[in-house]
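See structure below.
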Amino acid sequence: MEARIREIVDGMTIEQKVGQMTQADIRKITPEEVRRFYIGSVLNGGNTQPGDAPGASFAQWRAATRAYHDAALATDMAVKIPLIWGTDAVHGHGIVAGATVFPHNMGLGATHDAELVREIGAATAKQVRATGIDWVFAPTLAVVQNTRWGRSYESFSSDPAVVRELGAAYVEGLQGTLGSDTSAVATAKHFIGDGGTDRGLDRGVNASSTVDLIAIHAQGYVGALDAGAQTVMASYSSTRDYGKMHGAGTLLTDVLKKRMGFDGFIVSDWNGIAEVPGCERDHCAAAINAGIDMVMVPEKWEKFIKKTARAVRMGDIPMARIDDAVTRILRVKMRAGLFERDPDAVVGDAQDLLARDLARRAVRESLVLLKNNGAVLPLRRDARILVVGKSANSLRNQSGGWTLNWQGMKNHNADFLTGDTLLAGIREVAGAANVVFDKTAAKANVASFDAVIAVVGELPYAEMKGDILFPAPLSESRLYPEDLQVLRKVAGHGKPVITVLVSGRPLYVNDLMNLSDAFVAAWLPGTEGKGVADVLFRDAHGAIAHDFHGRLGFAWPNTPCQASFAKAGDTPLFALGYGLKYTNPKQLGPLATPAAPPVCTQ
Ligand code: BGC
Ligand code: BGC
Numbered sequence: 007m008e009a010r011i012r013e014i015v016d017g018m019t020i021e022q023k024v025g026q027m028t029q030a031d032i033r034k035i036t037p038e039e040v041r042r043f044y045i046g047s048v049l050n051g052g053n054t055q056p057g058d059a060p061g062a063s064f065a066q067w068r069a070a071t072r073a074y075h076d077a078a079l080a081t082d083m084a085v086k087i088p089l090i091w092g093t094d095a096v097h098g099h100g101i102v103a104g105a106t107v108f109p110h111n112m113g114l115g116a117t118h119d120a121e122l123v124r125e126i127g128a129a130t131a132k133q134v135r136a137t138g139i140d141w142v143f144a145p146t147l148a149v150v151q152n153t154r155w156g157r158s159y160e161s162f163s164s165d166p167a168v169v170r171e172l173g174a175a176y177v178e179g180l181q182g183t184l185g186s187d188t189s190a191v192a193t194a195k196h197f198i199g200d201g202g203t204d205r206g207l208d209r210g211v212n213a214s215s216t217v218d219l220i221a222i223h224a225q226g227y228v229g230a231l232d233a234g235a236q237t238v239m240a241s242y243s244s245t246r247d248y249g250k251m252h253g254a255g256t257l258l259t260d261v262l263k264k265r266m267g268f269d270g271f272i273v274s275d276w277n278g279i280a281e282v283p284g285c286e287r288d289h290c291a292a293a294i295n296a297g298i299d300m301v302m303v304p305e306k307w308e309k310f311i312k313k314t315a316r317a318v319r320m321g322d323i324p325m326a327r328i329d330d331a332v333t334r335i336l337r338v339k340m341r342a343g344l345f346e347r348d349p350d351a352v353v354g355d356a357q358d359l360l361a362r363d364l365a366r367r368a369v370r371e372s373l374v375l376l377k378n379n380g381a382v383l384p385l386r387r388d389a390r391i392l393v394v395g396k397s398a399n400s401l402r403n404q405s406g407g408w409t410l411n412w413q414g415m416k417n418h419n420a421d422f423l424t425g426d427t428l429l430a431g432i433r434e435v436a437g438a439a440n441v442v443f444d445k446t447a448a449k450a451n452v453a454s455f456d457a458v459i460a461v462v463g464e465l466p467y468a469e470m471k472g473d474i475l476f477p478a479p480l481s482e483s484r485l486y487p488e489d490l491q492v493l494r495k496v497a498g499h500g501k502p503v504i505t506v507l508v509s510g511r512p513l514y515v516n517d518l519m520n521l522s523d524a525f526v527a528a529w530l531p532g533t534e535g536k537g538v539a540d541v542l543f544r545d546a547h548g549a550i551a552h553d554f555h556g557r558l559g560f561a562w563p564n565t566p567c568q569a570s571f572a573k574a575g576d577t578p579l580f581a582l583g584y585g586l587k588y589t590n591p592k593q594l595g596p597l598a599t600p601a602a603p604p605v606c607t608q
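The numbering of the sequence shown is this note's numbering, which starts it at 7 and goes up by one.
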């Protein structure tokens, strides 16, 4: 294979080589341009769908991937080089309407179930391959140390050992047997230290020592590379000692490629090269020299090719570096079987977008029981239930970011062609006649029910929008006052209140917890909301149907400013690994409710 690659690379012009290193967004490039400019890769960004409109059908996805793949094979090169298409299927193939969406990583981390994560990786590969896509920008291996970061939900855990184990399992599942019809190429991202930036600032500075970079932030890469991950994405962030990661040759080349022996390719993040001082979105010799092989230049790809080719001719980028980058890209394409793949041959169909039972099981396993005073849970199936809260009937809120579009905020229940809300699950178990939904608890007479289930929490975000910037407090009820309001309406009527928090991270919720008899962290469960009712209710014989399985992958704050537990004396409300079971109950007394200060001092 290496000899075959050398022969191909030797026969390529500078423009063909640089084209091979270029990744453009399909919104900004046509198949004809892919052919003409010898483009090596395309992606669909978080807001990009075929036809440049949301809600593309399965058939449209198939037609688009076929057209771009065909175009790459229609160049005038002696040896045609197949295209590799990447997508952010970070919790299943979320951008495709009709695809099952799995819990985001924070929920999967709480399951501590590597076999489950492996199955989800495999199911995701099946979903993307059915649409003709080859490559997934997952898993995220961030070991988040400060939950102010609005991408904390993409992290399995603050515990490096958990990230290492689950990251490896995901890669094994997703890639399966490389080259087979059920395999997709994985991306270990974002290298390195994205989860450890100062105060959780997105694209910020990770001030860790080299020892901590290795002990904490590198652990996911050890797992993923051992599992055979073929690509690594550079991080927007910086490290204290090596500067912006897109220009950090010591870490990208000397550590990752040489010492860790990574022989796949490194892809830059979306316009990530522009993060390097002195660079632009369409040009960055320093990033390529540092070790970036495939450049995600979603929009300015044409200028990038021109400027990069010129930089090679001027000697600013050594030809050996370009040849190495192209060699790595071809190696991954060959291993992935792309050279043998007929883009017109169909693998799978729209049915492969569905993995509902698996996702529902993942939801069940990810739930963490934090409080269950008086054993109010599990509920009897014949109980009369009042359901309240803004997230009870919202596929949008339960799915979070990277769903149908980038930030996930524009979605309505009707946009999801498949899936069930948490409310649908409660109705199915308790019987629709026994369940009343009153979102704001404005009308219902609480005293006429046996129990109240309140589903509250964060609204969706993917990047930036979820950041809670220092010095703002991380108090749920300050961010979402309507949630405290709805709990105040239903509490104190002598009926048990069960609160289900849908969120992308642990937040300070002592005030909400004091108004609740039971409290469940449900993370961002995805489309299979019935997994929640599976656990909250007894079975038809009155026995426990499913006990809680989830344990915290992150410590839970006890005060409104606890975003990090790095300092000695930072005692959380619940430690890493906490989680009650029906079979192992515990009473939780009233919690202190220090009013959230207007600003945090640390
Ligand atoms: C794209 C996303 C991308 C983001 C980066 C969005 O417009 O759709 O895929 O991650 O920009 O800023
Ligand atoms: C994100 C990546 C993502 C890329 C492509 C970036 O903004 O940081 O995680 O893979 O966009 O959508």
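Glycine residues also receive a C-beta, built at the ideal position from the N, C-alpha and C atoms.
Residues around ligand 2, please: the ones whose beta-carbon is closer than 6 Å to some heavy atom of it, in chain order.
Taking each Cβ in turn, the ones that pass are 51, 52, 94, 143, 195, 275, 276, 469.
Would you call the region 478–491 and the region 597–607 touching, i.e. three or more CB-CB distances under 8 Å?
Yes: the two stretches touch, three or more of their Cβ pairs being nearer than 8 Å.
Whole angstroms is fine: what's the gap from residue 361's alpha carbon to residue 25's?
If you take the alpha carbons of residue 361 and residue 25, they lie about 37 Å apart.
Three-state secondary structure (DSSP) at residue 256?
Correct three-state label for residue 256: helix.
Does the region 8–25 come close enough to the region 264–273 to have 3 or more Cβ pairs within less than 8 Å?
No, because fewer than three Cβ pairs between the region 8–25 and the region 264–273 fall closer than 8 Å, the two stretches do not touch.
Does the count of Cβ pairs from the region 156–176 and the region 556–563 closer than 8 Å reach three?
Cβ pair count under 8 Å is three or more, so yes.
Whole angstroms is fine: what's the gap from residue 409's alpha carbon to residue 425's?
Cα to Cα, the separation comes out at about 12 Å.
Hey, which unbroken runs of the beta strand (DSSP E) at 3 residues or more fall wholly within the region 416–446?
Complete beta strand (DSSP E) runs here, min 3: 441–443.
Need the endpoints of the beta strand (DSSP E) that residue 47 sits in, please.
Segment 47–50, the beta strand (DSSP E) holding residue 47.
Quick one: Cα of residue 245 to Cα of residue 468, how far?
Answer to the nearest angstrom: the Cα atoms are 23 Å apart.
Any heavy atom of ligand 4 within a distance shorter than 7 Å of the CB on residue 95?
With respect to small molecules bound, the structure shown includes ligand 1 and ligand 2 and not ligand 4.
Threshold first: 3 residues or longer. Then list the beta strand (DSSP E) segments lying entirely within the region 488–565, N to C.
Listed in chain order, the complete beta strand (DSSP E) runs (minimum 3 residues) inside the region 488–565 are 503–508, 524–529.
Which residues in the same chain as residue 346 place their Cβ atom closer than 8 Å to its Cβ, once the five residues preceding and following it in sequence are excluded?
The answer, listed in chain order, is 185.
Residue 151 and residue 201: beta carbons closer than 8 Å?
A contact, by the Cβ cut-off of 8 Å.
Under the assumption that residue 494 contacts residue 521 (Cβ atoms under 8 Å), give the Cβ distance between them as a whole number of angstroms.
Residue 494 to residue 521, Cβ: 7 Å. Contact.
Buried or exposed for residue 533, please, with buried defined as at least 16 other CB atoms from any protein chain shown within 10 angstroms of its CB.
Buried.
Does the contact criterion of 3 or more C-beta pairs under 8 Å hold for the region 434–444 versus the region 384–397?
A contact exists between the region 434–444 and the region 384–397.
Cα separation between residue 396 and residue 510?
When rounded, the distance between both Cα atoms is 16 Å.
Exposed or buried, residue 297, counting other C-beta atoms within 10 Å across all chains shown (16 or more means buried)?
Buried.
Determine the burial state of residue 632: buried for a count of at least 16 other Cβ atoms within 10 Å of its Cβ, exposed for fewer.
As displayed, the chain neither begins before 7 nor continues past 608, which places residue 632 out of reach and without an answer.
Work out the CA separation of residue 546 and residue 503 for me, nearest whole Å.
Each residue's alpha carbon lies about 22 Å from the other.
Taking the beta carbon of residue 9 as the centre, do at least 16 other beta carbons fall within 10 Å, making it buried, or is it exposed?
Result: exposed.
In angstroms, rounded to a whole number, what distance separates the CA positions of residue 422 and residue 193?
In a straight line, the C-alpha of residue 422 is about 27 Å away from that of residue 193.
So the alpha helix (DSSP H) residue 75 belongs to, where does it begin and stop?
Counting along the chain, the alpha helix (DSSP H) containing residue 75 begins and ends at 64–78.
Look at the alpha carbon of residue 179 and the alpha carbon of residue 189, and state the distance between them as a whole number of angstroms.
If you take the alpha carbons of residue 179 and residue 189, they lie about 8 Å apart.
Throw me the rounded Cβ distance for the residue 514 and residue 566 pair, which I believe falls under 8 Å.
About 4 Å; that satisfies the 8 Å criterion.
In the DSSP assignment, what are the bridge partners of residue 289?
According to DSSP, which records beta bridges pairwise, residue 289 is partnered with 286.
Under the assumption that residue 156 contacts residue 208 (Cβ atoms under 8 Å), give the Cβ distance between them as a whole number of angstroms.
With a Cβ gap of about 6 Å, residue 156 and residue 208 count as contacting.
Looking at the strands, I want to know which residues DSSP matches up with residue 374.
527.
With respect to the alpha helix (DSSP H) encompassing residue 333, which residues constitute its N-terminal and C-terminal limits?
325–341 is the extent of the alpha helix (DSSP H) around residue 333.
With a 10 Å radius around its C-beta and 16 neighbouring C-beta atoms as the bar for buried, classify residue 384 as buried or exposed.
It counts as buried.
Quick check: the Cα distance between residue 412 and residue 402, rounded to an integer number of angstroms?
Spanning the two alpha carbons is a distance of roughly 12 Å.
What whole-angstrom Cβ distance do residue 284 and residue 243 have, given they're in contact under 8 Å?
Between residue 243 and residue 284 the Cβ distance is about 18 Å, and since that is not below 8 Å, they are no contact.
State the DSSP-derived secondary structure class of residue 58, mapped to helix, strand or coil.
Here residue 58 sits in helix by DSSP.
Which residues bound the alpha helix (DSSP H) around residue 130?
Note, residue 130: alpha helix (DSSP H), 120–136.
Starting from residue 271 and walking both ways along the beta strand (DSSP E), at which residues does that stretch end?
271–273 is the span of the beta strand (DSSP E), which, as asked, contains residue 271.
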